[in-house]
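Each remark here refers to the structure printed beneath this line.
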Amino acid sequence: MESTELNWRLLAKRQWPLAVSLTAIALLETGSISTGLGWWQVPGVAVVCVIAVLAPRRPFDAALALAFAVACVAVYMRLLGVSIEPHLFWSGAGISMTGAAMATIATLVRDATRVKAVAGTLVVLAAMAFAEVLGWPIVAAREYREWSPDTWNFLIAAVVLLVLSVGTGMYFRARDDERASQLAASVAAAQNAERMALARELHDVVAHYVTAIVVHAQAGQLNREVDVLPSIASSGTEALTAMRRLVGTMRDGSSEGPAASSSLMDDVRALAAESGLPVRLSFDLQDAVPQELARSVLRLVQESLTNTQKHASAVSSVDVSLSSGDGVLHLAVLDDGVASGVPVGGSGGYGLVGMRERAELLGGTFSAGRREPTGWTVRADLPIS
18 MESTELNWRL LAKRQWPLAV SLTAIALLET GSISTGLGWW QVPGVAVVCV
68 IAVLAPRRPF DAALALAFAV ACVAVYMRLL GVSIEPHLFW SGAGISMTGA
118 AMATIATLVR DATRVKAVAG TLVVLAAMAF AEVLGWPIVA AREYREWSPD
168 TWNFLIAAVV LLVLSVGTGM YFRARDDERA SQLAASVAAA QNAERMALAR
218 ELHDVVAHYV TAIVVHAQAG QLNREVDVLP SIASSGTEAL TAMRRLVGTM
268 RDGSSEGPAA SSSLMDDVRA LAAESGLPVR LSFDLQDAVP QELARSVLRL
318 VQESLTNTQK HASAVSSVDV SLSSGDGVLH LAVLDDGVAS GVPVGGSGGY
368 GLVGMRERAE LLGGTFSAGR REPTGWTVRA DLPIS
């Protein structure tokens, strides 16, 4: 599961603990520098820490960049004769860079493909080992003349830190996989529920038209009139049109939606009044809207208003507009509230998923997203014929 181009908002939410931790460690480490030349390490440490924080956007690229940065820091410190003072098992890399490397490895294991995770981890380990070994002679030559590196201690420490990094990444990867499975199951359930709602509407619409056909046929049989044939043909055509619009959607599940009357505008007004929201309505319907399509429009309006109630605060206005032209019905629901979360859930489960499923099954298009500076927008374009 390769994670690339992670949203900045999600990145900040996910990475702020790491950013705070690395910043604190780097500040403490910088404060312990006893030589003037030691300050040359600060820019390199800052670059390495920033790469670790941004790693979820492009994990493998971040691993390569971090390895290159660590190697460059080690080389220029060696050329300047500057040492990172030894702490526990670290000498040539430093605690903050070691922490950044651990975080990057954990991100690789969590987000990258297995091949890239292994390759990236090996590259980071090689760079860290290079920095450590390159820093040993300088550390021993300066204030720490009695200091002597213990290879076994470094190897043991490296293995322990590697296990911690990989284990952390595997834990979060398993958790992400579980959440993805739950989300997929919820989306499938929402789609099935929406299809079942359409199937129930298909039953109601076809039953209505077939009943009309039967009544006209019986009347014609009793009165021997020929004039009923156009009515029968018209009802049959309307029934076939409704079936073509809704057929193929029958699935197991259940969903409740608003009932449609003979006036779509009155039904929308009723929904707006029931919501308790400050709704402003706008109608410009140039074409007659079939009842089966009106039901779907009402469902979309209902879900949109429900999402506004559940997921927005400080709402001062909700604009609901219905218009038609060139055989297409246009619906727009816009609010100016402050979102408390992405309004995925709705009255029937995953509301946005259900609305998109309904619009696409009817041959239309659907879109939803945030407004600037605040608010949420829902738009649907549905074919009338």
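Residue 18 is where the sequence shown starts when you use our numbering, and the numbers rise one by one after that.
Glycine included, C-beta positions come from ideal geometry on N, C-alpha and C.
Asked	Found
Quick check on Gly381: does DSSP put it in helix, strand or coil?	coil
Among residues of its own chain, excluding the 5 on either side of Ala88, which ones have a beta-carbon nearer than 8 Å to its beta-carbon?	Ala144, Phe147, Ala148
DSSP on Arg387, reduced to helix/strand/coil?	strand
Quick one: Cα of Val350 to Cα of Ile122, how far?	45 Å
Please report the straight-line C-alpha distance between His104 and Gly116, rounded to a whole angstrom.	Low confidence applies here, because His104 scores a pLDDT of 47, under 50, leaving its location unreliable; read the following figure in that light. His104 and Gly116: Cα-Cα distance of roughly 13 Å.
Between the Cα of Glu389 and those of Thr382, Asp352, Glu377, Leu369, spot the shortest distance and give me the residue it belongs to.	Asp352
State the Cα-Cα distance for the pair Val90 and Phe171, rounded to the nearest angstrom.	20 Å
Would you check if the distance between the CB atom of Gly354 and the CB atom of Ala329 is smaller than 7 Å?	yes
What first and last residue would you give for the beta strand (DSSP E) that runs through Arg297?	296-301
List, from N- to C-terminal side, the beta strand (DSSP E) runs of 3 residues or more that fit wholly inside the region 308-369.	335-342, 345-352
For Phe189, which residues of its own chain have a beta-carbon under 7 Å away from its beta-carbon, when the five flanking residues on both sides are left out?	Arg127
How would you call Ser384, buried or exposed, if buried means at least 16 neighbouring beta carbons within 10 angstroms?	exposed
What residue range is occupied by the uninterrupted beta strand (DSSP E) comprising Arg396?	393-400
Could you name the residues of the same chain whose beta carbon sits closer than 6 Å to that of His347, not counting the 5 residues immediately before and after it, in chain order?	Ser340, Asp398
Output needed for Gly386: all residues of its chain with C-beta closer than 7 Å, excluding positions within five of it in sequence on either side, in chain order.	Thr394
Work out the CA separation of Met114 and Ala41 for me, nearest whole Å.	12 Å
Straight-line CA distance for Ser280 to Phe300?	12 Å
Measuring only the C-alpha atoms, how far is Leu302 from Ala356?	31 Å
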